[in-house]
Structures are given as structure tokens and as C-alpha cells.
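Same order as they appear, the protein sequences are chains A and B. Number 761 marks the last residue of the first sequence (the working numbering); no jumps. Number 392 marks the last residue of the second sequence (the working numbering); no jumps. From the three backbone atoms N, C-alpha and C, an ideal C-beta is built for every residue, glycine too.
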Amino acid sequence: MNESQFNQQWDDDKPSYKAWGNYIVDSITTKIKEKGIDLDSFLKIPAKCRLKNDDKLIDKAFYRAGKNYSDPYTDIEDKVGARFVVLLISDIQLICDIIQENDAWIYDPCKHFEEDKDKDPLLFTYQSVHYILRPKTEINVGGVIIPQSTPCEIQIRTLLQHAHAELTHDAIYKSKTTVKPNVHRTVAKSMALIETTDGFFTDVTRLLNYGPLEEYGVQQQLDALYLTFTGLQSCKQKSSIIIWDEFEKFIDEKLYEQIQTLVLDPEYGYLADKIKEQYSSNVLYRQSIVLFIYWLLKHKRRRLISDWPLDIGILELLANDVGVSTTI
Amino acid sequence: MQLLNLSIDRIIIHQIYRLDEDGNKVLPTRSTEYINFDTDALSNFKTRITEALGSGSKAVQMEIIEQDTNDTSTLVNKIIDQDDESFAISSYDLAKKLADAQTTRSIPGGIVVIFSGKQGHPQKKFLGLIKAEVHSAYEKKTDEKTKEISLEFIEEVLLTPASKLYKTAGFFEKAIPSASSENLNDKWTVMVSDNQISQSEGKAASHYFYSSFLGFGYPETSARTTKQFYEATSSFIGTLPIAEEKKSDLYNALSTYLKVSASPIISSSGFAELYFNDIDTSDAFNSFMEEQGIPDTAFTKDIEHIKSKLKHRKVNFGTNIKITAPSEIFQKLISIETIDGEPDESGNMEKWTKIIVKHGITQQE
Numbered sequence: 434m435n436e437s438q439f440n441q442q443w444d445d446d447k448p449s450y451k452a453w454g455n456y457i458v459d460s461i462t463t464k465i466k467e468k469g470i471d472l473d474s475f476l477k478i479p480a481k482c483r484l485k486n487d488d489k490l491i492d493k494a495f496y497r498a499g500k501n502y503s504d505p506y507t508d509i510e511d512k513v514g515a516r517f518v519v520l521l522i523s524d525i526q527l528i529c530d531i532i533q534e535n536d537a538w539i540y541d542p543c544k545h546f547e548e549d550k551d552k553d554p555l556l557f558t559y560q561s562v563h564y565i566l567r568p569k570t571e572i573n574v575g576g577v578i579i580p581q582s583t584p585c586e587i588q589i590r591t592l593l594q595h596a597h598a599e600l601t602h603d604a605i606y607k608s609k610t611t612v613k614p615n616v617h618r619t620v621a622k623s624m625a626l627i628e629t630t631d632g633f634f635t636d637v638t639r640l641l642n643y644g645p646l647e648e649y650g651v652q653q654q655l656d657a658l659y660l661t662f663t664g665l666q667s668c669k670q671k672s673s674i675i676i677w678d679e680f681e682k683f684i685d686e687k688l689y690e691q692i693q694t695l696v697l698d699p700e701y702g703y704l705a706d707k708i709k710e711q712y713s714s715n716v717l718y719r720q721s722i723v724l725f726i727y728w729l730l731k732h733k734r735r736r737l738i739s740d741w742p743l744d745i746g747i748l749e750l751l752a753n754d755v756g757v758s759t760t761i
Numbered sequence: 028m029q030l031l032n033l034s035i036d037r038i039i040i041h042q043i044y045r046l047d048e049d050g051n052k053v054l055p056t057r058s059t060e061y062i063n064f065d066t067d068a069l070s071n072f073k074t075r076i077t078e079a080l081g082s083g084s085k086a087v088q089m090e091i092i093e094q095d096t097n098d099t100s101t102l103v104n105k106i107i108d109q110d111d112e113s114f115a116i117s118s119y120d121l122a123k124k125l126a127d128a129q130t131t132r133s134i135p136g137g138i139v140v141i142f143s144g145k146q147g148h149p150q151k152k153f154l155g156l157i158k159a160e161v162h163s164a165y166e167k168k169t170d171e172k173t174k175e176i177s178l179e180f181i182e183e184v185l186l187t188p189a190s191k192l193y194k195t196a197g198f199f200e201k202a203i204p205s206a207s208s209e210n211l212n213d214k215w216t217v218m219v220s221d222n223q224i225s226q227s228e229g230k231a232a233s234h235y236f237y238s239s240f241l242g243f244g245y246p247e248t249s250a251r252t253t254k255q256f257y258e259a260t261s262s263f264i265g266t267l268p269i270a271e272e273k274k275s276d277l278y279n280a281l282s283t284y285l286k287v288s289a290s291p292i293i294s295s296s297g298f299a300e301l302y303f304n305d306i307d308t309s310d311a312f313n314s315f316m317e318e319q320g321i322p323d324t325a326f327t328k329d330i331e332h333i334k335s336k337l338k339h340r341k342v343n344f345g346t347n348i349k350i351t352a353p354s355e356i357f358q359k360l361i362s363i364e365t366i367d368g369e370p371d372e373s374g375n376m377e378k379w380t381k382i383i384v385k386h387g388i389t390q391q392e
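Okay, here's the thing in C-alpha cells:
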């Protein structure tokens, strides 16, 4: 295929490449949203697909040093691509899982920084995850036929990896002139620093989001208990986080069982009605944490009152429900 | 008394007065309309009742002694089932009974609040009476234009959180009332909350309310309950993860609380407040005592069954070593402290005890 044939073919194929790219971005973002994740805050840069610039494509196919394609049109797989930029390494995995679980395409995991690290443990260089996706069978998207052979490159990386790539990709890896060793060295040093920082980010997030509440699965158990007890769905609000935080020391492997014993005691059966009565007017009653507060009122009254992080008036209502006084 | 699932259907008030200057009774002022609290006010009222009679309160369970035709308990037993119209009228009789009981000028006037409702699950009837002394206070005012704040003097307020300004009594229908029994004690659990009761000379000051007016007396089970309280508290102290010398202090405190303290009533929460300065220990103690079946309110102290135990403090060591001393002497003249001993055969550090007796030896055998 010569340059003009290549151009001709590319012009003809553009609509289907574009449609394929859009289809992939839509599928992935829809799946992210289905997981209850806020897309706008999860993706640090809005995901959209982009066709490769004509000149750059020709340049890559015919003139780039070191690229001797036998069939450049087929061999160049990033004619259309999309990029997902997230905050944490663990977020990358989430998108990888979405990609690998989708039956609409065949995926080729062509680059993963974790594998690169295993291969070249001493090298600190461009990090990203790349997949090439092709339709499993020819598909029709909005009237455009996408042949089975159409590739699309998906890049997934953290914000820091992205920053590194932005600085260096064109300047270094695609550079036609020789780059001085000290520049390479500096870039490698910054990659090492980025990898370290990404690790710290992961640690911090784990520490922030993982405590006794998660360890003992109290939240999920209480949500289920709340549902069977009241027939209503528990909501999660900021207020509950503040309360869990304040009384974290009472969360242990026995807590759920103790709350359950209290709630399922026939003597306290009326609490279900109390919760239903207040469900629409009081946000605390809409959350399964209300059961934990009842337990605190019965068993840790003085500590609860002394450390209660919200308005005491809110607690009075709950205290009345279980016949406990809020003055120490 | 656990006041679970508390609901209040009717609240009515009447006003009573101090005897006039010549010592003559002044007839109470009757009201005929029920009080209609909004949600917040009602919720607050429930809080006051819970504080006065509920779990952790200083209320004392009593026994109905006077139960003839015109006695208060008989009256309550009758009017609680009356319709709203009759109840409003009959409730005034209770105000008159209280006025009759106030036979000296030292007893202030006030408002009698009579309310009825239900509690428990399944719900049971109850009737409550509050004698609230009227006092003065200030109300915060904000000028709408200038946002300046000022205080306005209010001569008559009542039912403020300061519980010493009111006395409360509750008649709670028992879960399984005995249908055949004529004795009202088989039908009603009665509780009285009166700040004056717990003071050393309080019995006299509060006598007119619990005895003359209500016709109640202290239950005869106090000695047994006091013994249970003593045993449960001892065993709780024994399980605490604290140094032996601290435990010794707490055993001394228990002995003081039961033997020396002038208050005629005791309670788990009262002991916790005085001697556990750590909130979590105090919560754990209250839970433990409740599990042990100790009343969650106050009760009268009667040390009849534990007299001999309270007389002496004993500490046992291994291998038949004991120290014994009269409680007061122990507290004053003996101090014990756990110290590190020497390693035993398997290398574990033994715990030894250092005892100081602030006295010389008078005799040895």
C-alpha cells in the first residue's frame, strides 16, 4: 500500500473508526456509572475518542525512524483511541475489569506497566495500560458498519502517569534528534518519583477508607437488618460517617450481634414503627446507623452523650424512643 | 423503670398554693382544658418524664400503702379509664389531695401536671403526676431591627431541666395485672422521683408528697436489693483491668457508699457518677448492673443482710495469707500496691504485694 492508497483507505474508513471509538467510550462510561460512581469526579479528564491526525498518521506509517511496517495500515492500531485518566492505581484496575468483562469486543492487552516492571525492574519509564479493542463480530452503530478488523487503542493511566506522559511522550520517545543522557536520567528520576507517589496515594486512600467499620462489615449487616426490620431501604449520608467516626472504638466483631439482639428483642419491636414514622422527616432515621445509636443509648449512654458530634436535640428524639435520658 | 415506647394522650394542669399567712388552706385553681403541646414541646416533655422516672433516673420504686376509697391510688385507679370530660374533672380531685397534704407553710405552691398515656410493647396504661414549683428565669430576646440581644425577666416558669424543682410520681400498669387481686400493688408499679429524697434529711422534706399525698411507703425488698447491689458491684470491680491498689480504693468506696453515706437511696448510676471517673467504665458498669437484675433507677438502702460484710474489709493472697481490718480502719491505715517480684522457675515475673500498715505491731503469736 503506497501513501495515496493509504490516504484513500483512511478517508473511507474514518466514519467507522470514529463510530467504534465512540461506542467503546460510551460502553465503558456507562458501566462506570452503573457502579454508582460519579463519572465527573472519577475521570480526571473527560473521556472522548480521537482520530489520529492525518499528517501524523502518514508520518508514523512511512517516515518514522525505527518503524518498518510491512502493512502499515493494519499494523498501526491507534488510528482511533481514547484515554481514561483516573486518580489511583486501583481505579485503573476497575476500568481494566470493565474492559475485560465486555462481550462486544475482543481485547488485546498490549501494554501494562505492571508487566513492564516485571520485565525491566530497573527501568523507570512511561507507564500506562493499553488495550487494543476490536469488535467481536461486525456491528452496526447508528447506521455505520464497523468491520471486525477495526482496532481502537484505549489508554488508562493515573493523573501522575498522565502528567509524565504529557511532558515526555512527544518530546522524548518520538523525538527525532538524540536526547542527551542527563535528560533521560531526569525523566527516569521523575517516573520513579511518580511511581512512589502513586503508591503513597493508594496507601492514604486505603487508610482513609478502611477501618473497623469495613473490617467487620458492620455497615452492610446493619443495612440488611434495617431492611428486614423496617421494610425500608437505608440511605448513606455524611451524618452517619461523622457518628461512626466518633464512636469507632465500639466497632468490633461482637457489635453487630449485640445490636441485632437489641433490635430483635420483642420488647423493642415498636422501634420499627418509630423509624417508619420519622423516616420522611428526619435524616437519621433514614439510615441504618439509627440502630447503632439505639444500641449506644442503651449500653454506652454517657459516652454517647458526652461525645455526640451533632445537635443534642436530634439525640433527644431517639433517646425518647428507647426511654433513656440525655442528661448526665 | 424502662419507659419504652412512651406516648402521652392527655395533659391537664391545676394550680395549688402555699398555705396563707394564717396557715389556712387555699383552694387550688381548676383548669378544664387539656394542654395541647406541639411535637417539639411534647418530645421535650417526654424527655423530662424519662429523666424523672426512666432508666438511670433517681426515681425510687415504692409500694402503695393507703388504698381506701378516697386515697390517691384508688382515685388514680378509677379515673385513668375515664373519658376526657370526666378525667378533666376528676383530675382536680388529685390537685385537692395534694393541697390537703401540704400542711406547713414551708411547702411551696406550684402547678400540678396530671397526664396519662401508654408505654411498653405491648403498650400498657400509665398515669403521671408532677408537682412543679414555679420559679423565675430570663428569656433571651432579639430585637428584630438592631439584632441586639437582651434578657426579659419571666416571673413564672416551670418544668425546666433543673429536676430539683419538681416532684414526679408515676403509676404504671403491670404487664400481667392480677385480675382477681384487690391489692392495687398487684395492678400498678409506682415510682416516685424527688430530689429531696436522696438528701440526708430528705425523707422528712419529701414525706408530704410520697406519703401524705400519694399514700406510698418504701418497699420491704430493699435489704435484698441492697445485698444484690453489693455483690454485683464487688464482682464488677473484680473484673476491671486496673491495678490492685485502684481496686482496693473502689472496694473501700463501695463500703463507704453503702455504710457511711447519709443518703437513704442508692443507685448504680449514682455509684458510677461518684466513683468511676472514666465514662466508659461507668457505661459498662450500668450495663452490667442491668444484666444482673439490679433496678435501673434508685432504691432505698437497707444494709441489714450485709452488715457483717461491710464491717470488715478482707484481702486474700495465695497460700492462706489474709489481711482483715474494720472497713474504716482499712481505708485509713492500710495501703496495698502490686510490685514486681522475682522470676519463678519458668522465668515468669511474679507479682508481689507491698503492704503498708500505718501502725506499729502490738502483739505476735
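Is there at least one Cβ from chain B nearer than 8 Å to residue i's Cβ?
i, result
"Y701(A)", "yes"
"T760(A)", "yes"
"H732(A)", "yes"
"G664(A)", "no"
"L750(A)", "yes"
"G756(A)", "yes"
"N753(A)", "yes"
Suppose you measure from the CA of residue i to the CA of residue j; what does that come to, to the nearest Å?
i, j, result
"F326(B)", "S294(B)", "6 Å"
"V577(A)", "S449(A)", "6 Å"
"H732(A)", "T759(A)", "13 Å"
"L640(A)", "Y649(A)", "15 Å"
"K158(B)", "I726(A)", "33 Å"
"K771(A)", "L527(A)", "Because chain A spans 434 through 761 in this model, residue 771(A) falls outside it and cannot be assessed."
"D744(A)", "E628(A)", "44 Å"
"G144(B)", "F243(B)", "22 Å"
"N97(B)", "V757(A)", "34 Å"
"K451(A)", "N573(A)", "13 Å"
"A68(B)", "G197(B)", "20 Å"
"F180(B)", "K168(B)", "10 Å"
"E182(B)", "T77(B)", "27 Å"
Mapping the DSSP letters down to three states, classify residue i as helix, strand or coil.
i, result
"I157(B)", "strand"
"R497(A)", "coil"
"F517(A)", "strand"
"F475(A)", "helix"
"G265(B)", "helix"
"F240(B)", "helix"
"S449(A)", "helix"
"F209(B)", "Residue identity check: residue 209(B) is Glu in the sequence provided, not Phe. It is coil, neither helix nor strand."
"Q42(B)", "strand"
"D487(A)", "helix"
Run down chain D in chain order and give the residues with a C-beta less than 7 Å from the C-beta of residue i.
i, result
"Q29(B)", "This model lacks chain D altogether, as its protein chains are A and B."
Determine whether the Cβ of residue i lies closer than 8 Å to any Cβ atom of chain A.
i, result
"P188(B)", "yes"
"L33(B)", "yes"
"D310(B)", "yes"
"G297(B)", "no"
"S133(B)", "no"
"G387(B)", "no"
"G83(B)", "yes"
"H234(B)", "no"
"I306(B)", "yes"
"S314(B)", "yes"
(message) By the 7 Å beta-carbon criterion, what residues does the region 67 to 79 of chain B contribute toward chain A?
(response) Residues S70, K73, T74, T77 and E78.
(request) Mind listing, in chain order, the continuous beta strand (DSSP E) runs of no fewer than 3 residues lying wholly within the region 584 to 613 of chain A? (result) With a minimum length of 3 residues, the continuous beta strand (DSSP E) runs that stay inside the region 584 to 613 of chain A are 585 to 591.
(request) With 7 Å as the C-beta to C-beta threshold (strictly closer), list the residues of the region 712 to 738 of chain A near chain B in chain order. (result) Taking 7 Å as the Cβ-Cβ cut-off against chain B, the residues of the region 712 to 738 of chain A that qualify are H732, K733, R734, R735 and R736.
(request) Tell me the start and end of each unbroken alpha helix (DSSP H) in the region 549 to 584 of chain A that is at least 4 residues and wholly inside, in chain order. (result) The qualifying runs do not exist here; there are none.
(message) Ignoring anything shorter than 3 residues, give me the beta strand (DSSP E) runs that lie fully in the region 691 to 719 of chain A, in order along the chain.
(response) If we require 3 residues or more, the region 691 to 719 of chain A turns out to have no beta strand (DSSP E) run fully inside it.
(message) At 3 residues or longer, what runs of the beta strand (DSSP E) sit wholly inside the region 624 to 657 of chain A?
(response) For the region 624 to 657 of chain A, not one full-length beta strand (DSSP E) segment reaches 3 residues or more.
(request) Identify each residue in the region 190 to 212 of chain B for which the Cβ-Cβ distance to at least one residue of chain A is less than 8 Å, and report them in chain order. (result) Under the 8 Å Cβ criterion, the region 190 to 212 of chain B contributes no residue.
(message) To be precise: take each residue of the region 318 to 348 of chain B, compare its Cβ to all Cβ atoms of chain A, and keep it if any distance is under 7 Å. Which residues remain?
(response) If the cut-off is 7 Å between Cβ atoms, the region 318 to 348 of chain B has nothing near chain A.
(request) Would you list, in sequence order, the uninterrupted beta strand (DSSP E) runs of no fewer than 3 residues that lie entirely inside the region 91 to 161 of chain B? (result) The qualifying runs are 137 to 146 and 151 to 159.
(request) Mind listing, in chain order, the continuous beta strand (DSSP E) runs of no fewer than 3 residues lying wholly within the region 48 to 94 of chain B? (result) List check, beta strand (DSSP E) in window: 87 to 91.
(request) Quick one: which residues of the region 141 to 156 of chain B get their C-beta closer than 7 Å to a C-beta of chain A? List them in chain order. (result) Those residues of the region 141 to 156 of chain B that come within reach of chain A (Cβ to Cβ, closer than 7 Å) are H148.
(request) Could you pull out every unbroken alpha helix (DSSP H) segment of at least 4 residues lying fully inside the region 349 to 389 of chain B, listed in chain order? (result) Those alpha helix (DSSP H) runs which fall completely within the region 349 to 389 of chain B and span 4+ residues are 354 to 360.
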